Structures are given as C-alpha cells and as structure tokens.
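As structure tokens, the structure follows; a few thoughts come after it.
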Amino acid sequence: MAEFDLVILGGGSGGYAAALRGSQLGLTVALIEEGKLGGTCLHRGCIPTKALLHAGEVAESAKHAAEYGVKAEFIAMDMLAVNAYKDGVVARLHKGLQGLVKSRNVTFVEGHGKLVAKNTVDVNGTKYSGKNVILATGSYPKSLPGLDIDGTTIITSEQAINLDRVPKSVIVLGGGVIGCEFASVWRSFGAEVTIIEGLPHLIALEDESSSKLLERAFRKRGINFELGIKFKSAAKSKDGVEITLEDGKTFAAEILLVAVGRGPVSANIGYEEQGIKMDRGYVLVDDKCRTNVPGIWAVGDLIPTLQLAHVGFAEGILVAEEISGLKPRPINYNGVPRVTYSEPEVASVGLTTAQAKAAGHDVVELNYDLAGNGKAQILKTAGSIKLVAAKNGPVLGIHMVGARVGELISEAQLIYNWEAEASDVAQLIHAHPTLSEAMGEAHLALAGKPLHAHG
Numbered sequence: 001m002a003e004f005d006l007v008i009l010g011g012g013s014g015g016y017a018a019a020l021r022g023s024q025l026g027l028t029v030a031l032i033e034e035g036k037l038g039g040t041c042l043h044r045g046c047i048p049t050k051a052l053l054h055a056g057e058v059a060e061s062a063k064h065a066a067e068y069g070v071k072a073e074f075i076a077m078d079m080l081a082v083n084a085y086k087d088g089v090v091a092r093l094h095k096g097l098q099g100l101v102k103s104r105n106v107t108f109v110e111g112h113g114k115l116v117a118k119n120t121v122d123v124n125g126t127k128y129s130g131k132n133v134i135l136a137t138g139s140y141p142k143s144l145p146g147l148d149i150d151g152t153t154i155i156t157s158e159q160a161i162n163l164d165r166v167p168k169s170v171i172v173l174g175g176g177v178i179g180c181e182f183a184s185v186w187r188s189f190g191a192e193v194t195i196i197e198g199l200p201h202l203i204a205l206e207d208e209s210s211s212k213l214l215e216r217a218f219r220k221r222g223i224n225f226e227l228g229i230k231f232k233s234a235a236k237s238k239d240g241v242e243i244t245l246e247d248g249k250t251f252a253a254e255i256l257l258v259a260v261g262r263g264p265v266s267a268n269i270g271y272e273e274q275g276i277k278m279d280r281g282y283v284l285v286d287d288k289c290r291t292n293v294p295g296i297w298a299v300g301d302l303i304p305t306l307q308l309a310h311v312g313f314a315e316g317i318l319v320a321e322e323i324s325g326l327k328p329r330p331i332n333y334n335g336v337p338r339v340t341y342s343e344p345e346v347a348s349v350g351l352t353t354a355q356a357k358a359a360g361h362d363v364v365e366l367n368y369d370l371a372g373n374g375k376a377q378i379l380k381t382a383g384s385i386k387l388v389a390a391k392n393g394p395v396l397g398i399h400m401v402g403a404r405v406g407e408l409i410s411e412a413q414l415i416y417n418w419e420a421e422a423s424d425v426a427q428l429i430h431a432h433p434t435l436s437e438a439m440g441e442a443h444l445a446l447a448g449k450p451l452h453a454h455g
C-alpha cells in the first residue's frame, strides 16, 4: 500500500489546488482522477464555454463592423474551426497543468477511485493511504423526471460544447448561469433561442435589477424566454423535439439543452459506508471543509457551497493549509465574485438588496448608468453598476451588467471584503477612459459628490 500525507480523490479545481498547495507546504500528495487532470472546469465547463462565448463575441463584431467604419460581413460559423480553437485553448492549459503537477512532485494516479476505509482509496486494486483524505469528486449535469438525455437531440452542457453544427433552433431548459451563457452563444452563432425558466426571472439568484437588465438585453438580441412557468414534458419529433409547459404552451426546436443545475458526484464511491454525513448527495462539512469523520475533508461542487471553480480552488487551498497547521480563515462565501459570461455580462459580489434588508441593514442604493461612461460608449454597451450599502456604513453589495463587467469584479471584491465605504472608494483615481472608471463614478455618486452623473 502506497502511503502519503494527503490523498485526494478528484483532480478538478478543488482537488488539484489542494494538491499543488499541499505539496508546496511539504506534504506528500497523491492526486487521483478517473478522467483528465483539470476536471469539469477545464475540459467540459468554464474554459470551453468561455472560448465559445469569445467566438460569439467575434461573430457579433463582424455583424456590426459597419457601425465602426469597418468593411466586413458575417457569413457563417465554421464549427470545425471554432471547435479546433476551443480545443486548442483547453489542450494548452491542460499541458501546463500537467507540468505544474509534475514539477511539484505530486503523484498523479489515473483511474476510478473508491473510498474503502477512512484513510484509504482503492484505484483498480491498488490502495493509497493518507493521513488525510480530501474528497473532490465534483458534479454532473442534472436532468428532470421524464427527460431522456440522448446526447443528440436532448443534450446537456457536456454535449453542447462539442456540437459540430449551429442548430437552427434551440430550447434552453433553465435560465440560470449555464442556460444563459449557452443561449448567448447560440444566438451569436445565428440560432433561434428560447429559454424556459420556472422561476420569475433569469439568473434568479442575482439581484432582481441585474436579472431585469439581462432580460431587456436578451429581448433586444432576439432571445426569447418564458418565465415563471414550469416544464411538464418533452417528446422527440421528426424535426427535433417538442416540449410542453404546465400551462399548456408548447415549443418546438431542433435541440433541447437541459440546464437545470448540477448535482454532486457521490454515489457508489464509498462515502456513506465510511459514515460520512450527507444531504441530498452533498457531503456536509464545517467552515474548514472538515467532514464528521476525522481526517476526511471535502471541497468543490461535492459540498453545498457555491458551485464555482474559484470556490473549489479556495476550498482546496484552505484544506491544505489547515492540514499543514497554518490556521487559515474560513471562506466568506458572500465575498466570492460571481460572473455570468453572457452578452451582456453580469457580475456581482456581496448581498442583494433583498438579502441586505433581510439581514437587518438600513439600506441605501445607487444605480450608475453605463451610458455616462466614455469607454461604454466606445464599446456601444448598455448596463449599470448598482451599489447596495448600509446607511452611513460600508458597501454591502455590488451588482453590474454590461460588456466586460466580469473584468471589474476584482475591484468590487476588494471593496466588499475590506468593508469599504463609498467615501473611501471615491478618493481613488480611476483611469480615464476605462470601464473601471464607472466603479469610481458610482461610489462618487453614493458619497454625495457625483461627477459624470446627475446628483
């Protein structure tokens, strides 16, 4: 039996981050992964979808080139070339990650692992024992009762990233982050798109103002959506698929994308047999990612925290440092940046207005329209920055909609996590003309001294 300080089951964002940090801190580490190193994010999620979104952005630039005095035209998408570009990005990052893991002397084990004892993982008959074990087996695309995912007509995001054609029409079942990003991609590529969402708004976990701005932008782009009506059934047809909603409405399309969230990969891996507490498949942990079983930890999509790759990174690092005796601070999940990479982008950190009020704060709000921002005019983007703050107190939440606002979220994260007040940020000089200048303008206005905004 091979023995290590740390055995990690799952080589996605949380698992490999724990491996790299653990090795850096002097631990001997075994990293077990049944697929490719990097997991869902690198191979089937974050990276390939953002490559597709960028291809869509280039397509939109071609469509609107004349508005900028550029003689060009959009002809069609070459999906063979798009996929080659996407796969090239993934391959280069994968190669770099493999090199990192090797250089840190992490023992990488390829194969299906199962927890067979409190400190032991079995991989195809070979056992790996660790003083500590981290469970990082990730998540899978969920479906709904009665939906048969065939991978061609009714698909999940994992098939959507590899389509060899642009479908004429698509129904997207689910208006969360994944659904909205794929809707945005396919519309840019030229497909007719309809989103079906049972909740009252798209990206319903965001501040309602952001949801409404995205809905307005999607309408302008010709993306259709039905909100507040639940899915009932789906049936294949000679032309694709037809779905029925609970109110009797029917919709037909060439492809149905099922984007109703992701569930934890935790079945038949030995977790319950070792007495690990779970809820609906999620492994339960404390604020240091410890399970109820001493020496067993869990991170990433497997636990009921935000299903974001950067959260997995942070949790993996947290556990490696806790094992090494560094006593890191628990993660403040409200302070984690969240981005939907549609066109326009939606980005946020901190509390929504509703959450701030529910927490008992006397709330003040400020909406800064990007129409007053020079770079936004240059880019021809619309949107806003909304600040949620405690009266005479710190900024509690920042919510943004517009092109490239995901690149502004790091400053917003600092403002929230450092409990800055609007007057603190108003003193900072932002470069002109940049989109980040809008962040400064919003805080100037909230501090009572607006410059390029009406007071």
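The sequence shown lines up with residues 1 to 455 when you count with UniProt numbering. The beta-carbon is built from N, C-alpha and C at its ideal position, and this holds for glycine as well. Please read all numbers here as calculations on a predicted model, not as lab measurements.
Open item on the list: Please state the DSSP three-state secondary structure of A362.
Closed with: One detail in the question is off: residue 362 reads as Asp in this sequence, not Ala. In the structure shown, D362 falls within a coil segment according to DSSP collapsed to helix, strand and coil.
Open item on the list: Report the CB separation of G372 from M400 in whole angstroms; it is logged as a contact under 8 Å.
Closed with: Contact between G372 and M400 fails: their C-beta atoms lie close to 14 Å from each other, not under 8 Å.
TODO: Please determine, among A136, S348, I161, the residue with the shortest C-alpha to C-alpha distance to I385.
DONE: Considering only alpha carbons, the answer is S348.
Open item on the list: Is it buried or exposed, D301, if we count other Cβ atoms within 10 angstroms and call 16 or more buried?
Closed with: It counts as buried.
TODO: Could you tell me which uninterrupted beta strand (DSSP E) segments, each at least 3 residues in length, are contained entirely in the stretch 246-272, listed from first to last along the chain?
DONE: Complete beta strand (DSSP E) runs here, min 3: 250-253, 255-258, 262-264.
- [ ] For K36, collect the residues of the same chain with a Cβ closer than 6 Å to its Cβ; drop the 5 residues on either side in sequence, then sort them by chain order.
- [x] Within the same chain, K36 has close Cβ partners H43.
Task: Cβ-Cβ distance between V388 and T353 below 8 Å - done: Yes, the pair counts as a contact, with Cβ atoms nearer than the cut-off.
Task: First through last residue of the alpha helix (DSSP H) which encompasses I178 - done: I178 -> alpha helix (DSSP H) spans 177-189.
TODO: Count the other CB atoms, across all protein chains shown, that sit within 10 Å of the CB of E321; report buried if there are 16 or more and exposed otherwise.
DONE: Within 10 angstroms of the beta-carbon of E321 lie 16 or more other beta-carbons, which makes it buried.
- [ ] Find the nearest neighbour of I331 within the set C289, S324, W297, judged by alpha-carbon distance.
- [x] Residue C289 holds the alpha-carbon nearest to the alpha-carbon of I331 among C289, S324, W297.
TODO: Taking the CB atoms as reference points, tell me whether I409 and V339 lie closer together than 8 Å.
DONE: Yes.
Open item on the list: What does the alpha-carbon distance come out to for the pair E437 and H430?
Closed with: The alpha-carbon separation between E437 and H430 amounts to approximately 5 Å.
Task: Inter-residue spacing [alpha-carbon to alpha-carbon] between G402 and T381 - done: Taking C-alpha positions only, G402 is separated from T381 by approximately 6 Å.
- [ ] Tell me whether W297 is buried or exposed, calling it buried when 16 or more other Cβ atoms sit within 10 Å of its Cβ.
- [x] Residue environment: W297 is assigned as buried (16 or more neighbouring CB atoms within 10 Å of its CB, all protein chains considered).
- [ ] Name the residue from I276, P304, R165 whose alpha carbon lies nearest to the alpha carbon of N292.
- [x] Measuring from the Cα of N292, the nearest candidate turns out to be I276.
TODO: Decide yes or no for the touch test of the stretch 266-286 against the stretch 110-123: beta carbon pairs closer than 8 Å, at least 3 of them.
DONE: Contact holds: three or more Cβ-Cβ distances are below 8 Å.
TODO: State the beta-bridge partners of I155 as determined by DSSP.
DONE: Paired residues: L257.
- [ ] Kindly indicate which three-state DSSP category R404 falls into: helix, strand or coil?
- [x] DSSP places R404 in coil when its eight states are reduced to three.
Open item on the list: Three Cβ pairs or more, each shorter than 8 Å: is that satisfied between the stretch 131-147 and the stretch 155-163?
Closed with: Yes, the stretch 131-147 is in contact with the stretch 155-163.
Open item on the list: Using 8 Å for Cβ pairs, my map puts A30 next to I8. What's the rounded Cβ distance?
Closed with: The beta-carbon distance between A30 and I8, rounded to whole angstroms, is 7 Å. This is short enough to meet the 8 Å contact definition.
TODO: Go ahead and pull the three-state DSSP assignment for T381.
DONE: The three-state secondary structure of T381, taken from DSSP, is coil.
Task: According to DSSP, residues forming a beta bridge with Y368 - done: DSSP lists I385 as partners of Y368.
Open item on the list: Below 8 Å on the Cβ atoms is my contact criterion, and I expect A62 with Y85 to pass it. Report the Cβ-Cβ distance as a whole number of Å.
Closed with: Not quite, the Cβ-Cβ distance comes to about 15 Å (not below 8 Å), so this is no contact.
Task: 7 Å Cβ shell around R262 - same chain, five flanking residues per side excluded - done: S139, Y140, P141, K142, D301, Q307.
Open item on the list: Less than 6 Å between C-beta atoms, sequence neighbours within five positions excluded: which residues of the same chain meet that for L188?
Closed with: Here the sequence assigns Ser to residue 188, which means Leu is not the residue at that position. The residues are G56, A59, E60.
Open item on the list: Within a Cβ cutoff of 8 Å, which residues of the same chain sit near D239, ignoring the five residues on either side of it in sequence?
Closed with: So the list reads A252, E254, once near-sequence residues are dropped.
TODO: Buried or exposed for T49, please, with buried defined as at least 16 other CB atoms from any protein chain shown within 10 angstroms of its CB.
DONE: By the 16-neighbour rule on beta-carbons within 10 angstroms, T49 is buried.
Open item on the list: Helix, strand or coil, according to DSSP, for R104 in the structure here?
Closed with: In the displayed model, R104 falls within coil according to three-state DSSP, outside both helix and strand.
Task: 8 Å contact criterion, which A453 and A447 should meet: CB distance rounded - done: Actually they do not touch by this definition, with Cβ atoms about 12 Å apart.
- [ ] Spell out the partners DSSP gives N224 in its beta bridges.
- [x] Looking at the DSSP assignment, N224 forms a beta bridge with T194.
Open item on the list: Measuring only the C-alpha atoms, how far is Y16 from I415?
Closed with: If I take the Cα positions, the gap works out to 29 Å.
- [ ] Would you mind reading off the limits of the alpha helix (DSSP H) that contains Y16?
- [x] Per DSSP, Y16 belongs to the alpha helix (DSSP H) from 13-24.
Task: Rounded distance between the beta-carbons of G316 and residue 478, thought under 8 Å - done: Outside the displayed span of the chain (1 to 455) sits residue 478, for which this structure offers no information.
- [ ] Leaving aside the five residues before and after N224 along the sequence, list all residues of the same chain whose C-beta is less than 6 Å from its C-beta, in chain order.
- [x] Around N224: T194.
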